[in-house]
Every structure is written in structure tokens, then in C-alpha cells.
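Undergrad: The numbering used here applies: residue 13 is where the sequence shown begins, and numbers increase by one. Below is one structure. I have some questions about it.
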Amino acid sequence: MPLRLPRLLAGALFALLSLLVPRLVHAQLVITNKTTFVRLDNQGRETQSEHQRRGLQPFGINLQDCRDNQRLRLAITVSDVTPGDVIEAWATDQGADCSDSNQRISPVAKCYQIRSVNIPALANTTAEISVREAIAGLPGQQQLDADGCRRAQAKMSVSVQIMLFRGGTTGTAAGKDTLELPVKTQGPVPLAGVRVQPGNGNLGISFQNVGEAGVEDLTKVYAFCDREPKPAGGSGATEEIVCDDAGTVTDDSGDVVDAGDVDANCRTVTTPGSGAGSIPTPGPGFADNGVACKNAAFTAEDGSRITPDAKFQATYACGEAGGTTATSISAAPIDNNTIVAIAIAAEDSFGNVGELSDPLCQFGEETGDFWNRYRQAGGESGGGFCAIGPDGMPAASFAALGVAIVVGMSIVRRKKGSR
13 MPLRLPRLLA
23 GALFALLSLL
33 VPRLVHAQLV
43 ITNKTTFVRL
53 DNQGRETQSE
63 HQRRGLQPFG
73 INLQDCRDNQ
83 RLRLAITVSD
93 VTPGDVIEAW
103 ATDQGADCSD
113 SNQRISPVAK
123 CYQIRSVNIP
133 ALANTTAEIS
143 VREAIAGLPG
153 QQQLDADGCR
163 RAQAKMSVSV
173 QIMLFRGGTT
183 GTAAGKDTLE
193 LPVKTQGPVP
203 LAGVRVQPGN
213 GNLGISFQNV
223 GEAGVEDLTK
233 VYAFCDREPK
243 PAGGSGATEE
253 IVCDDAGTVT
263 DDSGDVVDAG
273 DVDANCRTVT
283 TPGSGAGSIP
293 TPGPGFADNG
303 VACKNAAFTA
313 EDGSRITPDA
323 KFQATYACGE
333 AGGTTATSIS
343 AAPIDNNTIV
353 AIAIAAEDSF
363 GNVGELSDPL
373 CQFGEETGDF
383 WNRYRQAGGE
393 SGGGFCAIGP
403 DGMPAASFAA
413 LGVAIVVGMS
423 IVRRKKGSR
């Protein structure tokens, strides 16, 4: 009988601990704005991604988001917060459960830490996720800069896992919630078969579309115009100041007044490096489909292709075509008889613009406009295919003849000078 009371107390204590321990170890952590989180630019101002503006993939990450060094502000609620609790963010692109310490700190870990998040736990708080850290991936904590964003894995799904740790310990997380981020950082491949034909104040661009039949994720094609093209310097280009020697000057008696140590006409001379470009001159003999050229604005310093960013688009965009089956764009406005460098690039549904096509140079001219040429050749717009011309021939026959004459005039005129 005397032992019964201690046994009862022990049983009660065990029952109490059974209720308390899970409460101390486990907590509920919830990200409350998974599909409506706020995006911040690198100055901390609220912003939107390009695909958000278009209503496409509102929660995804594209190349420009990485280049802009965006952060994602997540709203978090935590139940049963205790003193010393901390919130950390970890990520994986391999489907791992980051709450397991083996996936964070062991030699075979598949999770990497987003170091921009390590904050005291509160019942209601926010965490700002660095886009660059989130998509950096393994191996370990590589830091991405604006150029490095292009070299991130082309397409993946990143699981950002927000976790609560009791008392700052690094064992198993006491609470966790996950934000799944689709990531795509490379746009469509460069378009091929590009031709640039002259017009009156515009240039007509045609190309082979790779978006047909779902072969490529393509929603838009942009034209880019460099209206004052300068040759690409190539790799290893150098600049030096060169001055002409004033020469030896003597007076009337033949005595030397200046031995030529005075320099004149100083100027900067650029010596092109390997792979230097050139810009053609407009005139007779110029190819009707454009001439391959290599301008500095559309060629990277190492000679590689450029992937346009937002600043590049704002500077050089001169036309666009939507849809997945477009095969032509009109680039305008263009000053006639002035060489323009042209390149195009396609955009995908994430808002990623792909690499530029090889640049072509072309110039506009008044007679480059088809209808002007057609009218100058005597063509008129009839009232329809029922109109009858001389000798009872349909007006459509005259139109076809006019097309042949105009095209022939263009080819002869442009090639005449090359003979």
C-alpha cells in the first residue's frame, strides 16, 4: 500500500510528459502566401516578373528574375513558438526532405542552405528568399552573379523548404512548409533561316519558326535594330594613341629649327583582334536578303552570342511578332539608305528571351517598298478579281505580272552594280 502512491505519481508524470514532449518538439509552420508572395528588386522595392505581368506562371523564376537579383517575401505563421527557436530556409532540386539532417549536412546531402534566411521565430513573421541562392543548386552554396544566371541549370523545379528549429539546434526540424518553384533560365534556341529585305522606312525580316508542333516553347519573336552599327573589335582588340611626326624644319639659311620632335595630328587607332567584325556599305550590288555582318552591339566581347536582357530590349527592340507560328516581322522605323544591323530572338512562356541570331546588315530605300515599285511599274489596285483589263485579261493577271516585274527590277538594280 505505501508503494501505491509513488507508482500513481510516476504514472501521472509519464502521461503528462507524453502530452508535453510532442508539443515541445513539433510545431506547425505555414507559408500563407505561396501563390501571392511579394517580389522585391535589389533595392527592396516591390516588383513583378515579366511572366507575372502577362499572367504566365505567377510563381515561377526566369532568367531576368535572377539577373535582377530578386527576393521573394514569404509570410509565415508558427504555432507553439518557444524562446530560442529559429527559422531557416533550405532548398533542393532533387526532391529531398530537408528536415532530415542527413540531407543537409552529410556527404550525400541533397539540400543546400539559403543563407539569406536565418531569423528568430515569431508567431507571425516574414522571410525574404534570394532568387539567386534558391536556384544556385549543388554543389554547395555557389554564388550566382548576373552573368552566372545564364549558366544555372536550364530548367528545374526547386523545393524551397522553410523550417523551424527548436532552440537553434540543427537536428530534425520541428516544423516545415514547402514552396515549389518552377525555374527556367534559358530561352529558345537562336532562330535560323533569317533573311532581311529592304523596304521604304522599314525592313522585312523572315525566319524559320521552331515553335511549330510544340517542338519549342516559343510565344514571341523580337527584332533588334542597331541603327548606328560599329564593327565588333574581336578578341584581343587594342587601342593606342598615334601621332604624325611634324618633320624636320629648317630656316632660310639651312639651319635646323625643328628636328621633328614635335608631334601633330594625334588620334586613337584601334587594332582589331581575332574575329573582328565589319560593316558593309549601302549601294548597288547589295544582297536583297541582307549581308552577314558583325557589329559590336550584337556580339559579346568573347565573340559568343548575346542573350538580351531588359536593358538590351529597351535599347534595340524594333519589332515583334506573337504566337508560336510567326515567320516574319517588320522592323521600323528605319532611315532609308542607312545601314542597320538586324538580329532576332525568340521568347518562351516564362518570359526568357533566347540568344540572338547571327546579325545581318541591310538598308531601307524608297523603291524597296513593294507597292511603290508596283505603282511605279504601272500597277493599280483594282476592285477585285472580277475587274477586267485590256484584251479581256483579269486584273489579277496584271497583278501577277506586276509582281514579277517589281521583283525583277529589285534584283537587277541591286546586282547591276556588282558586275
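Positions of the beta carbon are idealized from the N, C-alpha and C atoms, including for glycine.
1) Taking contact to mean at least 3 C-beta pairs separated by less than 8 Å, is the stretch 203-223 in contact with the stretch 295-304?
2) Identify the continuous alpha helix (DSSP H) that holds N3 and give its terminal residues.
3) Can you give, in chain order, each stretch of the alpha helix (DSSP H) that sits fully within the stretch 121-166 and has at least 4 residues?
4) Could you name the residues that DSSP lists as bridge partners for R51?
5) Mind the definition here: the stretch 180-198 touches the stretch 350-357 only if three or more C-beta pairs lie below 8 Å; say whether that holds.
6) For N81, which residues of its own chain have a beta-carbon under 8 Å away from its beta-carbon, when the five flanking residues on both sides are left out?
7) Could you give the distance in angstroms between the alpha-carbon of N130 and the alpha-carbon of P292?
8) In the DSSP assignment, what are the bridge partners of R207?
9) For the alpha helix (DSSP H) containing F298, name the first residue and the last one.
10) Within 8 Å (strictly less), CB to CB, does G331 reach chain B?
11) In this structure, does DSSP put F310 in helix, strand or coil?
12) Can the beta-carbon of I341 be found closer than 8 Å to that of E332?
13) Which residues mark the beginning and the end of the alpha helix (DSSP H) in which F324 is found?
14) Where does L176 fall in DSSP's three states?
15) Considering only C-alpha positions, which residue in the set Q125, I126, A135 and P202 is nearest to T44?
16) For N114 and L86, what's the separation of their Cα atoms in angstroms?
17) Count the other CB atoms within 10 Å of the CB of N349; is the residue buried (16 or more) or exposed (fewer)?
18) Using the Cα positions of A204 and G297, report the straight-line distance between them to the nearest angstrom.
19) Is the Cβ-Cβ distance between A139 and V90 less than 8 Å?
20) Sorted by chain position, which residues of the same chain lie with C-beta nearer than 6 Å to M168's C-beta, five sequence neighbours on each side aside?
21) Give me the Cβ distance between T319 and E367, rounded to the nearest whole Å; I'm assuming they're in contact under 8 Å.
22) Can you tell me the Cα-Cα spacing of S128 and W102, whole angstroms?
23) Measure how close the beta-carbons of D238 and F324 come, nearest whole angstrom, since I'm counting them as under 8 Å.
24) Can you tell me where the beta strand (DSSP E) with Q106 in it begins and where it stops?
25) Cutting at 7 Å between CB atoms, please list the residues of its own chain near D273, excluding the five before and the five after it.
26) What does a CB cutoff of less than 7 Å around A322 pick up in its chain, not counting 5 residues either side in sequence?
27) Helix or strand or just coil, what does DSSP make of C255?
28) May I have the straight-line CA-CA distance separating T231 from G335, to the nearest angstrom?
29) Starting from C78 and walking both ways along the alpha helix (DSSP H), at which residues does that stretch end?
30) Please confirm whether A244 and C330 have their CB atoms less than 8 Å apart.
31) Considering only C-alpha positions, which residue in the set C373, F362 and R83 is nearest to F432?
32) Assuming the contact rule is C-beta atoms closer than 8 Å, G107 and N214 should be a hit. Round their C-beta distance to whole Å, please.
33) Are S316 and V206 close, meaning C-beta to C-beta below 8 Å?
34) In angstroms, rounded to a whole number, what distance separates the CA positions of A185 and S218?
35) Identify the continuous beta strand (DSSP E) that holds K196 and give its terminal residues.
TA: Considering the structure as presented:
1) Counting Cβ pairs under 8 Å, three or more are found: they touch.
2) Summary: the structure shown does not reach residue 3, with the chain confined to residues 13 through 431, and so no result is reported for it.
3) Whole alpha helix (DSSP H) segments, 4+ residues: 143-148.
4) BP columns for R51 point to T59 and L84.
5) By the criterion of at least three beta-carbon pairs nearer than 8 Å, the stretch 180-198 is not in contact with the stretch 350-357.
6) Result list for N81: D53, N54, S142, V143, R144 and A158, in chain order.
7) Cα to Cα, N130 sits roughly 58 Å from P292.
8) For R207, which the question treats as bridged, DSSP gives the partners S218.
9) Segment: none, F298 is in no alpha helix (DSSP H) and carries neither H nor E.
10) The structure shown contains no chain B, having only a single protein chain.
11) Correct three-state label for F310: helix.
12) Yes. Within cutoff.
13) Where F324 is concerned, the enclosing alpha helix (DSSP H) stretches over A322 to Y328.
14) In this structure, L176 counts as strand in the three-state DSSP scheme.
15) Relative to the Cα of T44, the nearest Cα in the group Q125, I126, A135 and P202 belongs to A135.
16) For N114 and L86, the distance between alpha carbons rounds to 26 Å.
17) Its Cβ having fewer than 16 others within 10 Å, N349 is exposed.
18) Taking the Cα positions, A204 is about 24 Å away from G297.
19) Taking 8 Å as the Cβ cut-off, A139 and V90 do not qualify as a contacting pair.
20) Closer than 6 Å at the Cβ level, and outside the excluded window around M168, lie D105 and V195.
21) 5 Å between Cβ atoms; contact.
22) Across the structure, S128 and W102 are spaced so that their CA atoms are roughly 10 Å apart.
23) Not a contact, Cβ separation roughly 11 Å.
24) No beta strand (DSSP E) holds Q106; DSSP gives it neither H nor E.
25) Because the pLDDT at D273 is just 49, under 50, the model does not fix this residue reliably, and the point stays unresolved.
26) For A322, where only same-chain residues beyond five positions count, the Cβ hits under 7 Å are Q76.
27) Assigned with DSSP and collapsed to three states, C255 falls in strand.
28) Looking at the two C-alpha atoms, the distance is approximately 5 Å.
29) First-last of the alpha helix (DSSP H) with C78: L75 to R79.
30) Going by beta carbons, A244 and C330 fall outside the 8 Å limit.
31) Outside the displayed range of the chain (13 to 431) lies residue 432, so it cannot be described from this structure.
32) About 51 Å separates the beta carbon of G107 from that of N214, a gap too long to meet the 8 Å contact definition.
33) In this structure, S316 sits away from V206, with a CB-CB distance that is not shorter than 8 Å.
34) For A185 and S218, the distance between alpha carbons rounds to 57 Å.
35) Segment G187 to K196, the beta strand (DSSP E) holding K196.
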